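Shown next, in structure tokens, is the structure this report addresses.
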Amino acid sequence: MSVFTTKAGAVAGRRAVRDPGVVVLRGIPYAAPPFGADRFRAPRPAAPWDGVRDCASFGAVAPQSAELPGAPVWSPGDEDILNLNVWTPAGDGGALPVLVWIHGGAYVFGSSAQPDFDGTFLAGHGVVVVTLNYRLGFEGFGHVPAVDGEEACPDNRGLLDQIAALRWVRDNIASFGGDPGRITVAGQSSGATSVACLMAMDGARGLFLRAVAHSAVNACATPESAARTTAEVATAAGVPATYAGLASASPHALVEASDRVAEGYRRDPGSGHRHYDPAIYGPVAGVAGLAADPLTACATGASREVDLMVCHTVEEYWLLDAVGSCAKITTERQLAAFASDHRLPPSLLDGYRALMPGAPVSEIYLAVYGDLMFGEYSSRLAESHARAGGRAHLARFVRRRDGQGKPVRAWHCADVPFAFGTLEDEDVHFLVGGSPGAADRELAGRMAQAWAAFAATGDPGWQRIGSGTDAAVRIWDTLPESLPGTFPESSDSRWDDFRGPWRTAGLPLLTP
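As structure tokens, this is what we get:
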């Protein structure tokens with residue numbers, strides 16, 4: 101065992117199985133359990149302990165109904181959920197750059213213990229890797245009405261947990277060989293939008309130098325929509341939409357109630373934009389701590405001092421379709437209703453039809469939806485940051501593969517196992533199309549090296565946006581294993597073509 105000292109007490113880790121040159125510590129508490137009197141409150145420091153805490157196992161995950169392959173599940177009664185994990189090169193001796201990972205999952209599921217987030221491979225590239233759990237669902241992002249005579253429960257408690265974890269990293273990471281002056285916060289999907297929110301939050305200012313956002317999702321709530329969601333969840337749970345009423349419902353009851361509300365939108369085609377993929381929670385913008393949505397904040401220069409690296413996959417929503425997460429759209433009438441519910445002009449659909457001649461309605465829908473929620477939003481995030489004076493790098497993941505007779509697309513989440521180098525794990529084979537080949541491993545090495553270089557120096561290995569070069573967008577691909585026919589093998593022109601309809605429409609890219 102290797103023993104390290106933190107401000108709360110000593111912790112012990114072990115050599116990683118995949119690489120004995122890396123030490124891993126799991127389940128370190130960075131804040132107190134957010135339940136009991138602390139439920140719906142800002143996180144408090146973790147209690148100190150005596151002796152050496154054995155950190156061999158992942159800590160408890162946040163309340164959720166999801167059961168993800170290879171990851172622990174939440175059980176009612178698990179309360180010590182604000183914990184993190186550290187992978188550090190053993191005996192390096194230097195102050196290494198630090199990468200702090202925030203998992204995705206639509207703000208309602210996921211954990212730091214997912215097999216695709218194992219930090220061993222990245223740590224082998226000279227980076228101290230930290231992954232963390234934070235409050236999800238109503239516990240982390242539900243609006244709680246103010247209590248008369250008491251301090252109001254803050255919105256965005258999940259983001260406040262992430263800030264608490266970053267403070268822990270700042271205060272303790274030197275003991276693990278990390279440089280507290282070179283912290284990069286990174287995330288994917290809702291984790292990427294969390295990163296973008298942290299860039300805009302005063303409470304996180306100075307806690308990290310750089311940021312990585314993969315497939316940031318266009319899904320912030322307004323105070324009004326957050327209050328409506330609270331009313332719906334309270335009704336489903338059978339409690340008043342008050343602090344006392346919500347606190348009387350167990351975390352399990354609020355998870356079940358949230359699932360029922362989401363399922364109600366899923367089953368009702370007339371329920372508006374939430375029908376298509378009912379993610380009912382998200383950061384609440386326009387409140388204390390988060391004055392504006394990330395895209396607006398970036399455009400105003402609120403985070404120009406942070407170096408930013410953005411990536412998205414180019415077939416994002418094909419994954420959501422494959423796992424049954426989003427509505428099926430197969431007719432022109434349904435497609436027109438989708439566009440109306442999202443306030444998209446008919447000209448946008450016409451632009452996609454022209455760019456995808458002969459494509460079925462279902463693929464037009466998935467292409468538009470993926471760009472609305474991820475691709476176009478991510479690109480605008482990088483561009484807005486650059487225009488406001490920040491340094492921004494942009495990449496796109498286009499790798500496809502024939503996975504046992506079916507094409508595995510460049511879809512949502514497929515890029516993450518490459519950057520983490522976790523392709524060999526069977527639990528991620530669905531995402532990447534089976535066991536990796538030599539070209540996959542080579543791509544994983546390039547992506548991990550880019551993350552490590554960016555965390556160390558702010559330069560991932562290609563030109564930043566606004567540098568006046570045609571090579572300002574990195575294309576991640578494995579040419580020998582990519583399927584032909586959809587994307588050019590060595591250029592980015594197809595995506596630029598698809599951005600044309602959005603530019604012509606002049607859409608603000610804010611969901612209703």
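Counting in my numbering, the sequence shown runs from 101 upward without gaps. Backbone N, C-alpha and C define an ideal beta-carbon position, used for all residues, glycine too. Owing to the predicted nature of the structure, the values given are computational and were not obtained by experimental measurement.
Which residues DSSP lists as bridging residue i, in chain order
i	result
Pro81	Within the shown structure, residues of the chain are numbered from 101 to 612, placing residue 81 beyond reach of any answer.
Thr105	Ala110
Pro507	Asp502
Asp559	According to DSSP, Asp559 bridges with nothing at all.
Asp302	DSSP lists no partner for Asp302.
Leu390	Val387
Leu494	Val410 and Val573
Pro129	Asn183
Ala311	Val285 and Leu408
Arg115	Val123
Same chain only: Cβ atoms within 6 angstroms of residue i, ignoring 5 sequence neighbours per side
i	result
Arg404	Ala488, Gly489 and Gly490
Asp592	With a pLDDT of 46 at Asp592, under the threshold of 50, the modelled position of this residue cannot be trusted, and the question is left open.
Gly362	Checking the sequence shown, residue 362 turns out to be Ala, not Gly. Within the same chain, Ala362 has close Cβ partners Pro378 and Ile380.
Ala116	Val122, Val124 and Thr220
Ala195	Asp279
Gly113	Ser102, Val123, Val124, Leu125 and Cys155
Ala213	Phe158, Ala171 and Pro172
Ala357	Val333, Ala336 and Ala337
Glu179	Pro133 and Phe135
Trp268	Tyr130
N- and C-terminal bounds of the beta strand (DSSP E) containing residue i
i	result
Arg413	The question names Arg, yet the displayed sequence has Thr at residue 413. Element bounds for Thr413: Asp407 to Thr413.
Arg374	Taken as a continuous stretch (DSSP letters only), Arg374 belongs to no beta strand (DSSP E), as it is neither H nor E.
Ala264	Here Ala264 belongs to no beta strand (DSSP E); instead the alpha helix (DSSP H) covers Arg257 to Asn272.
Trp576	Val573 to Trp576
Val285	Gly278 to Gln288
Asp154	Val152 to Asp154
Where the alpha helix (DSSP H) containing residue i begins and where it ends
i	result
Ala137	Per DSSP, Ala137 belongs to no alpha helix (DSSP H) and is neither H nor E.
Val461	Val461 to Gly470
His529	His529 to Val532
Pro536	Segment: none, Pro536 is in no alpha helix (DSSP H) and carries neither H nor E.
Glu432	Glu432 to Asp441
Gly566	Premise fails: Gly566 is in no alpha helix (DSSP H) and is neither H nor E.
Ser478	Glu476 to Arg487
Phe158	It is not in any alpha helix (DSSP H) - Phe158 carries neither H nor E in the DSSP assignment.
Gly170	Per DSSP, Gly170 belongs to no alpha helix (DSSP H) and is neither H nor E.
Ala519	Val516 to Phe520
Ala422	Tyr417 to Ala422
Pro446	Pro446 to Leu455
Own chain, CB closer than 7 angstroms to residue i, minus 5 neighbours either side, in chain order
i	result
Thr105	Ser275
Cys253	Phe140, Arg141, Val244 and Tyr343
Leu531	Cys513, Ala514 and Pro517
Gln164	Trp174, Val208, Phe209, Leu236, Gly237 and Val355
Val456	Reading off the sequence, residue 456 comes out as Met, not Val. Closer than 7 angstroms at the Cβ level, and outside the excluded window around Met456, lie Glu463, Ile464 and Ala467.
Tyr365	Ser371, Arg374, His375 and Pro378
Ile429	Leu435, Phe438, Val461, Ser462 and Tyr465
Ala548	Phe221, Leu222, His225, Ala519 and Gly521
Trp149	Ala108 and Gly109
Ser315	Gln288, Ser289, Ala292, His412, Thr413, Glu416, Phe474, Ser478 and His512
Cut-off 8 angstroms between Cβ atoms - residues of its own chain near residue i, not counting five sequence neighbours on either side
i	result
Val384	Phe241, His243, Asp255, Asn256, Cys320, Ala321, Thr322, Pro323, Ala326 and Leu390
Gly585	Unreliable placement is indicated for Gly585, whose pLDDT of 37 sits below 50; the coordinate value is still reported in the next sentence. Nothing meets the Cβ criterion.
Arg453	Ala459 and Ile464
Arg118	Asp218, Thr220 and Phe221
Gly226	Pro189, Asp192, Leu196, Pro197, Ala552 and Ala556
Ala347	Arg139 and Phe140
Gly345	Ala334 and Val339
Asn272	Thr106 and Lys107
Leu583	Unreliable placement is indicated for Leu583, whose pLDDT of 40 sits below 50; no coordinate value is reported for it.
Arg546	Trp576
- Taking 8 angstroms as the threshold, find out whether the stretch 124-133 comes into contact with the stretch 193-202 through three or more Cβ pairs. no
- With contact counted as at least three CB pairs below 8 angstroms, one residue from each stretch, are the stretch 293-304 and the stretch 182-194 in contact? With the cut-off at 8 angstroms, the stretch 293-304 and the stretch 182-194 do not touch.
- Pairing CB atoms from the stretch 219-230 with CB atoms from the stretch 318-334, are three or more of them under 8 angstroms? Short answer: they don't touch.
- How do the stretch 409-417 and the stretch 462-471 stand: do at least 3 beta-carbon pairs fall below 8 angstroms, yes or no? Segments in contact, yes.
- Task: Count the CB pairs spanning the stretch 298-312 and the stretch 392-411 that are closer than 8 angstroms, and state whether there are at least three.
- Result: Yes, they touch.
- Task: Taking only runs that begin and end inside the stretch 174-245, name each unbroken alpha helix (DSSP H) of 4 or more residues, in chain order.
- Result: Taking only runs of at least 4 residues, the alpha helix (DSSP H) segments lying wholly in the stretch 174-245 are 220-223 and 237-241.
- Query: If you pair each beta-carbon of the stretch 394-404 with each one of the stretch 480-487, do three or more pairs fall below 8 angstroms?
  - Reply: yes
- Message: Report the start-end ranges of each alpha helix (DSSP H) in the stretch 320-358 that is 4 residues or longer and not cut off at the edges.
- Response: Segments of the alpha helix (DSSP H) lying fully in the stretch 320-358: 323-337 and 343-348.
- Please confirm if the stretch 521-529 is in contact with the stretch 441-455, defined as three or more CB-CB distances below 8 angstroms between the two stretches. no
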